[in-house]
Amino acid sequence: MARLFAAVLVTLVFSLALTVPAFAVDMTPPLPDPVLQQRYNVLVHELRCMQCQNEALADSNVSLAADLRLQVRNMLAAGKTDDEVRNYLVARYGEFILFRPRMSLRNLWLWAAPVVLLVVGGLAAARILRRRAALLDADPDSSEE
Amino acid sequence: MNRFLWPLIAFALLMVVMVVGLNNADRKGIIRSPLIGQPAPVFDAPDLLDPSARVTSAQLLGGWHLVNVWGTWCVECRAEHATLLAISREGKMPVIGLDWKDSDEDAKVWLQQLGNPYQHVGADRDGRIAIDWGVYGAPESFLVDPSGTVRQKRTGAMSEELWSRCFLPYLSEPQPKIPADCT
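Protein chains in written order, with the numbering used here: chain A, 1 to 145; chain Y, 146 to 328.
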């Protein structure tokens with residue numbers, strides 16, 4: 001028991017020793033206005049780092065992400081709206097830069113598919129249930145109930 | 146029979162959608178540029194080799210150009226350099242370089258040692274021009290037509306095979322049929 005305890009303790013100490021302290025990735029100078037800074041924080045978390053495609057701009061330390069963060073910051077400081085910043089980046093990098101895709105004619109079927117499937121499935125289920133009930137009613141040998 | 150007909154049709158339709166989708170998919174991780182079919186982004190950069198000159202988007206008008214984004218820190222750029230020299234020698238169009246986030250000194254040494262395929266090289270020291278071109282991984286090459294419209298883009302190293310299969314067809318035909326793996 002004591003040995004087990006010692007082993008667990010040693011493992012814990014070692015694994016803690018191996019962890020790297022978290023450091024700030026984002027070296028962009030903060031915006032003077034906290035409201036702007038808040039909008040900046042939201043934006044850089046919903047924009048994709050194009051170089052390391054599963055990371056947000058906020059979390060990536062590649063130099064392009066730093067450049068794009070600075071661009072977002074400067075655009076907000078210059079009074080651009082969130083949508084203007086998004087459109088600016090989409091025009092250059094494509095819709096892919098948005099983690100949350102926007103609804104458009106091109107991807108409308110993607111948004112509609114769950115609803116359509118639910119309705120079709122529901123109708124099919126209702127039909128099957130009704131038919132089964134009709135079968136039971138019509139069966140004189142039915143021993144149910 | 147009728148019981149299985151509809152599920153079978155649904156399954157067949159799904160297969161068609163998936164096969165078509167897979168065959169038309171872009172290369173994995175490569176994003177089709179929204180710039181294709183759009184006017185080339187406006188820029189005005191200092192000339193890397195001539196301190197008194199500028200390299201501008203206005204120079205792209207009036208003839209075909211290949212705009213190549215590179216840097217000495219970029220491994221793939223070294224790999225494609227021989228191809229760029231061959232394209233430049235071939236003489237179908239001038240190659241315009243954009244030296245992306247690089248040290249001017251390193252870039253000059255690179256061109257001296259490996260040869261200079263570029264008609265002009267603009268120095269994009271802070272990466273602002275590259276953002277306008279939607280650059281995310283050097284090397285990138287853009288084909289710009291005489292009206293200044295971006296027609297084709299390659300992300301990654303250029304090769305002679307890609308050059309003749311994905312780029313040159315634009316010179317002879319207005320709307321060439323380009324294979325899906327060209328982007």
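Every residue gets a Cβ at the ideal spot worked out from N, C-alpha and C, and that includes glycine.
Just reading off the alpha helix (DSSP H) that Phe156(Y) is part of, what are its end residues?
Looking up residue 156(Y) in the second sequence gives position 11. Element bounds for Phe156(Y): 147-168.
Which residues bound the alpha helix (DSSP H) around Pro34(A)?
In the first sequence, residue 34(A) corresponds to position 34, counting from 1. Counting along the chain, the unbroken alpha helix (DSSP H) around Pro34(A) starts and ends at 34-46.
Assuming Leu288(Y) contacts Gln297(Y) (C-beta within less than 8 Å), just tell me the rounded distance between them.
Counted from its first residue, the second sequence places residue 288(Y) at position 143. Counted from its first residue, the second sequence places residue 297(Y) at position 152. Leu288(Y) to Gln297(Y), Cβ: 4 Å. Contact.
Between which two residues does the alpha helix (DSSP H) holding Glu221(Y) run?
Residue numbering aside, residue 221(Y) sits at position 76 when the second sequence is read from its first letter. Following the DSSP letters along the chain, one finds Glu221(Y) inside the alpha helix (DSSP H) bounded by residues 220-235.
What is the DSSP secondary structure of Asn107(A), counted as helix, strand or coil?
Position 107 of the first sequence, counting from 1, holds the residue named residue 107(A). Reduced to three states, the DSSP call for Asn107(A) is coil.
Just the Cα atoms here: how many angstroms apart are Leu259(Y) and Lys253(Y)?
Looking up residue 259(Y) in the second sequence gives position 114. Looking up residue 253(Y) in the second sequence gives position 108. If you draw a straight line from the Cα of Leu259(Y) to the Cα of Lys253(Y), it is about 10 Å long.
May I have the straight-line CA-CA distance separating Tyr93(A) from Val8(A), to the nearest angstrom?
Counting from one through the first sequence, the residue named residue 93(A) turns up at place 93. Counting from one through the first sequence, the residue named residue 8(A) turns up at place 8. When the Cα atoms are used, Tyr93(A) and Val8(A) turn out to be separated by approximately 49 Å.
Given a cut-off of 7 Å, decide if Met75(A) and Val90(A) are closer than it, judged by their beta-carbon atoms.
The residue labelled residue 90(A) in the question sits at position 90 within the first sequence. The residue labelled residue 75(A) in the question sits at position 75 within the first sequence. No, the pair does not count as a contact, with Cβ atoms beyond the cut-off.
Distance check for Leu135(A) and Val119(A), CA to CA, integer angstroms please.
The count along the first sequence starts at 1 and reaches residue 119(A) at position 119. The count along the first sequence starts at 1 and reaches residue 135(A) at position 135. Rounded to whole angstroms, Val119(A) to Leu135(A) spans 24 Å at the Cα level.
Could you tell me whether any Cβ in chain A is nearer than 7 Å to the Cβ of Ile181(Y)?
Stepping through the second sequence from its first residue, residue 181(Y) is reached at position 36. Judged by the 7 Å Cβ criterion, Ile181(Y) is not in contact with chain A.
Please state whether DSSP places Leu193(Y) in a helix, a strand or coil.
By 1-based counting over the second sequence, the position of residue 193(Y) is 48. Looking at Leu193(Y) - three-state DSSP - the assignment turns out to be coil, as it is neither helix nor strand.
Short CB-CB distance (under 7 Å) between Asp67(A) and chain Y
On the first sequence, position 67 is the one that residue 67(A) refers to. Chain Y contact via Cβ: present.
For Trp209(Y) and Pro284(Y), I'd like the C-alpha separation in whole angstroms.
Reading the second sequence from its first residue, position 64 is the one you call residue 209(Y). Reading the second sequence from its first residue, position 139 is the one you call residue 284(Y). In a straight line, the C-alpha of Trp209(Y) is about 19 Å away from that of Pro284(Y).
Meets three-Cβ-pair contact criterion under 8 Å: the stretch 176-186 of chain Y and the stretch 240-248 of chain Y:
Per the Cβ contact rule, the stretch 176-186 of chain Y is not in contact with the stretch 240-248 of chain Y (fewer than 3 Cβ pairs under 8 Å).
In terms of residues, what are the limits of the beta strand (DSSP E) holding Val214(Y)?
As a first step, residue 214(Y) is located in the second sequence; it is residue number 69 there, counting from the start. Run containing Val214(Y): 210-215, per the beta strand (DSSP E) assignment.
How long is the line joining the alpha carbons of Lys237(Y) and Thr294(Y), rounded to whole angstroms?
Translated into positions along the second sequence, residue 237(Y) becomes position 92. Translated into positions along the second sequence, residue 294(Y) becomes position 149. Straight-line Cα distance between these residues: approximately 17 Å.
Alpha carbon of Ala126(Y) to alpha carbon of Cys311(Y), nearest angstrom:
A question about residue 126(Y) goes unanswered here, because the residues of chain Y that appear run from 146 up to 328.
For the stretch 273-295 of chain Y, list every residue whose C-beta sits within 7 Å of some C-beta in chain A, in sequence order.
Ile276, Asp277, Gly279, Tyr281, Gly282
Interface residues of chain A around Arg177(Y) at Cβ under 9 Å?
Translated into positions along the second sequence, residue 177(Y) becomes position 32. Close to Arg177(Y), with beta-carbon spacing below 9 Å, are these residues of chain A in chain order: Gly94, Phe96.
Quick one: does Met75(A) have its CB under 7 Å from some CB of chain Y?
Locating residue 75(A) in the first sequence gives position 75, where the first residue counts as 1. Taking a beta-carbon distance threshold of 7 Å, Met75(A) does not count as an interface residue toward chain Y.
Do you know offhand how far Ala190(Y)'s Cα is from Thr201(Y)'s?
For the purposes of this step, residue 190(Y) is identified with residue 45 of the second sequence, where counting begins at 1. For the purposes of this step, residue 201(Y) is identified with residue 56 of the second sequence, where counting begins at 1. Distance between the alpha carbons of Ala190(Y) and Thr201(Y) is about 6 Å.
If we require 3 or more residues per run, which beta strand (DSSP E) segments fall completely within the stretch 249-283 of chain Y?
263-269
Can you give me the C-alpha to C-alpha distance between Val212(Y) and Gly242(Y), rounded to a whole angstrom?
To locate residue 212(Y), count along the second sequence from 1; it is residue 67. To locate residue 242(Y), count along the second sequence from 1; it is residue 97. Linking Val212(Y) to Gly242(Y) through their CA atoms gives a straight-line distance of about 6 Å.
Which of helix, strand or coil DSSP assigns to Ala185(Y)
Counting from one through the second sequence, the residue named residue 185(Y) turns up at place 40. Three-state result, Ala185(Y): coil.
Residues near Arg48(A) by beta carbon distance below 6 Å, same chain, minus five either side
Looking up residue 48(A) in the first sequence gives position 48. Hits under 6 Å: Ile97, Phe99.
What does a CB cutoff of less than 6 Å around Pro262(Y) pick up in its chain, not counting 5 residues either side in sequence?
On the second sequence, position 117 is the one that residue 262(Y) refers to. Correct list, in chain order: Leu229, Leu230, Ser233, Val240.
Establish whether the CB of Gln38(A) and some CB of chain Y are separated by less than 7 Å.
Along the first sequence, one-based indexing puts residue 38(A) at 38. Not one chain Y Cβ lies under 7 Å of Gln38(A).
Identified DSSP bridge partners for Ile241(Y)
Residue 241(Y) sits at position 96 when you count from the first residue of the second sequence. Residue pairing from DSSP places Ile241(Y) in a beta bridge opposite Val212(Y), His265(Y).
Per DSSP, Glu285(Y) is paired with what?
Along the second sequence, one-based indexing puts residue 285(Y) at 140. BP columns for Glu285(Y) point to Val214(Y), Thr300(Y).
From Val116(A), Ser60(A), Gly121(A), Asp82(A), pick the residue whose C-alpha is nearest to that of Met27(A); which is it?
The residue given as residue 27(A) occupies position 27 in the first sequence. Comparing Cα-Cα distances from Met27(A) to each of Val116(A), Ser60(A), Gly121(A), Asp82(A), the minimum goes to Ser60(A).
Considering only C-alpha positions, which residue in the set Ala126(A), Arg39(A), Thr11(A), Ala125(A) is nearest to Lys80(A)?
Your numbering for residue 80(A) matches position 80 in the first sequence. Of the listed residues, the one whose Cα sits closest to Lys80(A) is Arg39(A).
Let me know the secondary structure DSSP gives Thr11(A) once reduced to three states.
Taking the first sequence and counting its residues from 1, the one referred to as residue 11(A) is at position 11. Residue state, collapsed to three classes: helix.
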